[in-house]
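Participant: With positions in the first sequence counted from 1, the corresponding number in my numbering is that position plus 6.
C-beta atoms are modelled at their ideal positions from N, C-alpha and C, and glycine is treated no differently.
Input: one structure, supplied below.
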Amino acid sequence: MDRRLSDDENGARDVSQSPTTEPKQDIDTVKPEADEGIVTGPAVPAQASTEQLNALTHRLLGPSLTKSGQEGVSQDNVSQVILDASKGSKFYEREAALAAGLATRVAALQTRKAKLEAQDLRVHLRNADAFLASLESSRDLSRIIVHLDCDAFYAAVAALKDPTLKGIPFAVGGSVLSTCSYEARKFGVRSAMPAFVARKLCPELKLVDQDFPSYIAKAGEIRAILQTYDPNFQPAGLDESYLDLTAYCQDNDISASDAVSKLRTEVREKCGITISAGIAATAPLAKIAGNVNKPDGQFEIPSTREAVMAYMADLSVRKVAGIGRVLQCELDAVGIRVCADIYPQRALLVPLFGDKTAKFLLTSYLGIGRTRIAPSDGRDRKSVGTEGTFADLAGAQALRTKLRQTAEALEEDMKQAGVKGRTVVLKVKLHTFEVLTRQVGTHIPVWTKDDIYRISLPMLERLEKEIPGLKIRLLGLRCTHLVEAKLSVDKNFFGAAKAPNTEERFCVCQDDQILAPAVPPPERASAHRAEGSRSGVPVDEDGWEIWPEAEFEAAAEQERKEEFEELLKLSQELEERHDQDNGAKAPLESSRSTSPADDVESWACPICNRPQPADERALNEHIDLCLSRETIREVVRSVPENKAPAKLEKPTLPSKQVPRKRARPRGGGSISKSNHEQSNAKRRAFFS
DNA sequence: GCGGATCAC
DNA sequence: AATGGTGATCCGC
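If you want it as structure tokens, here you go:
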């Protein structure tokens, strides 16, 4: 929910310009070699370059290199301990693969840069300068923006509860640390570090369990105070907030620095928590400033253009929120280490890093950013999900049990959020740490565990077919394309034994609102609009069609018909095939727990919305079929026109020919499967 | 739209 | 022996 880089509010304020400040985390590069062939082994060349080793070490060091409290720590020693502890593990192998991919991209970046420098860059230069000029004209130095960050928040709350923790090295978390005391940081211990590594660095490290109710309670106390300084302040997670103190300073005739001092003292005395604060003219600058005198300190970047530019000039790009380990590495490769380095490279930024990242970098160089602070209105959530890690899990029954548990957990979260979703995403992490996701859109918004399970099971089956012997360490489910649930009805029943009836669950109501940002990025809005206007249906701000119920049903009926005609033959063949397949399939462990009335509508297929016989097994098989049909359509689309779907009716890849060993590109996550391989994967998924 | 990857907290 | 969970965004297909 923390969208500190959001340009929405920025755009609303900066009248003439809506600078895109979203960073791009992946870059457009020439295709690496690994994309041309299939790499089965580790994508590490015979002569593993020092570049790669550095990248790997950098990765293993974790994301919090820039965190405070590490100043006096011997990083070389820490790196060595982490490397020793990790070597040979599956986690290490996965990190090595990602690091190798990064090294490949970095090399490609450098090649590309050299090529570009031999070309005429005047157009790019002019564009960059024009962008800089327009940004400059939108600069707003009039606000007093403050970023507050509680110091080692979870650890601080733990120490309040158990004063024996004061002054000793301890950490909060389980197998992976959430945070740790400043005493622990002196040993090189950091958040996101596995506990067993932390213990090697600091054998006397004490571990404390997480206690979210305490964190939430303490955050509430703190927010009560912040509210008196800026009633419109913006929480960013439990331990961070943005405030606009312009009015407070004006009304109380107090300097920003004194006001923040007072605020920090008040929070320390009333809540027992120390806070670090940054004061500046924009949210990103305030965030950066807050890290200068952490812990328990504050820093102000003066609100003059000269001071801002001077401050940014020497600042490592890594300090800018949105520039992570990977982008830092890529920028380093083209000679950009501090923000001042951005300017001389400005003509190369778009071709090397793409439009979004280029604009983001130029904006950062100037020290320009969001100046409007407002709390989230709660309607901007785009997804709800749950996931969990466990000991390696394999086997059809165990995976299904886990899937059902996850679906149950997601239902709870959906209830809590008061939303339904029109897309369900299944996520698994293989025992090798490779992450895979599969998603499917549903015709009708869903939110109950039973619907989620029914929809996600075929995705799991698909993965089981793609990856024989599927063995996973994480499983997650997420709903996206959210629609507001009818809170007035459902909320009253939360906690009661009775579940909402199925009509409520499946009915798409007129007052259902599609959740969308108030001010969508222009590119996305137009893209959606282009698609969304096809049938003359009204379209909302984000390009979503607004469907009155009657029209919705009518259009859905029409769509069903067309789809049905289009796929009838295939469907019939598939059904036969499917029935054969299903002979051995285990029945579901449990039946619908919501025990709805047995009206026909309650058994509408959530994919195609066609009424289905009120029989669980039959419905499940029908949903399988629906999903398979989606797959077929994709395959049909991906095959050239002259090669008819008819060809697909005869599987060209009988299951026996499916390669046992997956040929999955490794190294570099951004190296994606070729089209050909993807369609083959789909064929296998369905036909095997 | 889908799937992989990155980023922040 | 052992490396988190939630949510968002961007990119190339």
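1. Measure the alpha-carbon distance for isoleucine 150 versus proline 200 and round it to whole angstroms.
2. Beta strand (DSSP E) containing proline 451: first to last residue?
3. Around the C-beta of aspartate 90, are 16 or more other C-beta atoms found within 10 angstroms, so that it is buried, or is it exposed?
4. Going by C-alpha distance, which of Asp157, Pro169, Ser197 and Asn297 is nearest isoleucine 228?
5. Which of helix, strand or coil does DSSP assign to glutamate 210?
6. Could you give the distance in angstroms between the alpha-carbon of alanine 696 and the alpha-carbon of leucine 244?
7. Where DSSP assigns a beta bridge to lysine 435, which residues make up the other side?
8. Could you check where the alpha helix (DSSP H) with alanine 134 kicks off and where it finishes?
9. Are the CB atoms of arginine 145 and arginine 311 within a distance shorter than 8 Å?
10. May I have the straight-line CA-CA distance separating lysine 433 from alanine 120, to the nearest angstrom?
11. Would you report the Cα separation of aspartate 398 and isoleucine 478, rounded to the nearest angstrom?
12. For lysine 2 versus glycine 296, is the C-beta spacing smaller than 8 Å?
13. Specify whether the stretch 118 to 136 and the stretch 211 to 218 touch according to this definition: at least 3 beta carbon pairs, one from each stretch, less than 8 Å apart.
14. Ignore the nearest five residues each way along the sequence and tell me which others in serine 247's own chain have a CB closer than 6 Å to its CB.
15. With H, G and I counted as helix, E and B as strand and the rest as coil, what does DSSP make of glycine 330?
16. Report the option in Cys186, Cys208 and Arg352 whose CA atom is closest to the CA atom of alanine 198.
17. Are there 16 or more other CB atoms within 10 angstroms of the CB of alanine 503, so buried, or fewer, so exposed?
18. Between which two residues does the alpha helix (DSSP H) holding glutamine 116 run?
19. For glycine 373, does the count of other Cβ atoms within 10 angstroms reach 16, so buried, or fall short, so exposed?
20. Which partner residues of isoleucine 150 appear in the DSSP bridge assignment?
21. Could you name each continuous alpha helix (DSSP H) segment of 4 residues or more that falls completely within the stretch 317 to 397, going from the start of the chain to the end?
22. Here's the rule I'm using: 16 or more other beta-carbon atoms within 10 Å means buried, otherwise exposed. How should glycine 384 be labelled?
23. How about alanine 339 and leucine 115: do their beta carbons lie closer than 8 Å?
24. Taking C-alpha atoms, which residue in Glu101, Val112, Ser85 and Lys93 lies nearest to isoleucine 342?
25. Would you kindly work out how many angstroms separate the C-alpha atoms of alanine 723 and threonine 486, rounded to a whole number?
26. Nearest-angstrom Cα distance between alanine 404 and phenylalanine 396?
27. With a 10 Å radius around its C-beta and 16 neighbouring C-beta atoms as the bar for buried, classify arginine 132 as buried or exposed.
28. Tell me whether the beta-carbon of valine 430 lies closer than 8 Å to the beta-carbon of isoleucine 379.
29. Rounded to whole angstroms, what is the Cα-Cα separation between alanine 696 and glycine 375?
30. Can you tell me where the alpha helix (DSSP H) with phenylalanine 218 in it begins and where it stops?
31. Considering only their Cβ atoms, is the gap separating arginine 410 from tyrosine 459 smaller than 8 Å?
32. Give me, in chain order, the residues of the same chain whose beta-carbon lies closer than 6 Å to that of tryptophan 453; leave out the 5 immediate sequence neighbours on both sides.
33. For the alpha helix (DSSP H) containing threonine 185, list its first residue and its last residue.
34. Quick one: what's got a C-beta closer than 6 Å to glutamine 304's C-beta in the same chain, skipping five residues either side?
35. With distance defined between alpha-carbon atoms, name the residue in Lys408, Ala190 and Met318 nearest to threonine 288.
36. According to the Cβ coordinates, are leucine 141 and threonine 377 closer than 8 Å?
Facilitator: Taking the definition as stated:
1. The alpha-carbon atoms of isoleucine 150 and proline 200 are separated by roughly 39 Å.
2. For proline 451, the enclosing beta strand (DSSP E) has its first and last residue at 441 to 452.
3. In the assembly as shown, aspartate 90 is an exposed residue. Its beta-carbon has fewer than 16 other beta-carbons within 10 Å.
4. Taking isoleucine 228 as reference, the option from Asp157, Pro169, Ser197 and Asn297 with the minimal CA-CA separation is Asp157.
5. Note: glutamate 210 maps to coil in three-state DSSP.
6. Residue 696 lies beyond the residue range present for the chain, which begins at 7 and ends at 694; the question has no answer from this structure.
7. Looking at the DSSP assignment, lysine 435 forms a beta bridge with Val441 and Leu480.
8. Looking at the DSSP string, the run of the alpha helix (DSSP H) that includes alanine 134 is 128 to 143.
9. By the CB criterion at 8 Å, arginine 311 and arginine 145 fall inside the cutoff.
10. Distance between the alpha carbons of lysine 433 and alanine 120 is about 40 Å.
11. Roughly 5 Å between the two C-alpha positions.
12. Nothing about residue 2 can be read from this structure; the chain reaches only from 7 to 694.
13. Touching, no, given that fewer than three Cβ pairs across the two stretches are closer than 8 Å.
14. Correct list, in chain order: Leu154, Leu232, Phe239 and Pro241.
15. Glycine 330: coil per DSSP, three-state reduction.
16. The option with the nearest alpha carbon to alanine 198 is Cys186.
17. Note that alanine 503 scores a pLDDT of 32, beneath 50, so its modelled location is shaky; the value from the coordinates is reported in the next line. Classification for alanine 503: exposed.
18. Unbroken alpha helix (DSSP H) run through glutamine 116: 96 to 123.
19. Looking at its Cβ environment, which holds 16 or more other Cβ atoms inside 10 Å, glycine 373 is buried.
20. DSSP output for isoleucine 150 lists no bridge partner at all.
21. Runs found: 331 to 339 and 352 to 372.
22. It is exposed - the Cβ of glycine 384 has fewer than 16 other Cβ atoms within 10 Å.
23. Between alanine 339 and leucine 115, the C-beta gap is smaller than 8 Å, which places the two residues in contact.
24. Taking only the C-alpha atoms, the option nearest isoleucine 342 is Val112.
25. The requested residue 723 does not occur in the structure, where the chain is confined to residues 7 to 694.
26. Using only the alpha carbons, I get a separation of about 12 Å.
27. Exposed, since its Cβ has fewer than 16 Cβ neighbours within 10 Å.
28. No. Outside cutoff.
29. The structure shown does not extend to residue 696, since the chain spans only 7 to 694, so no value can be given for it.
30. Start and end: 218 to 235.
31. Yes. Within cutoff.
32. For tryptophan 453, same chain residues with a beta-carbon under 6 Å away, outside a window of 5 residues either side, are Met420 and Lys426 in chain order.
33. Run containing threonine 185: none in the alpha helix (DSSP H); it sits in the beta strand (DSSP E), 183 to 186.
34. Cβ neighbours of glutamine 304 beyond the five flanking positions: Val266 and Ala283.
35. Taking only the C-alpha atoms, the option nearest threonine 288 is Met318.
36. For the pair leucine 141 and threonine 377, the CB atoms are not nearer than the 8 Å cut-off.
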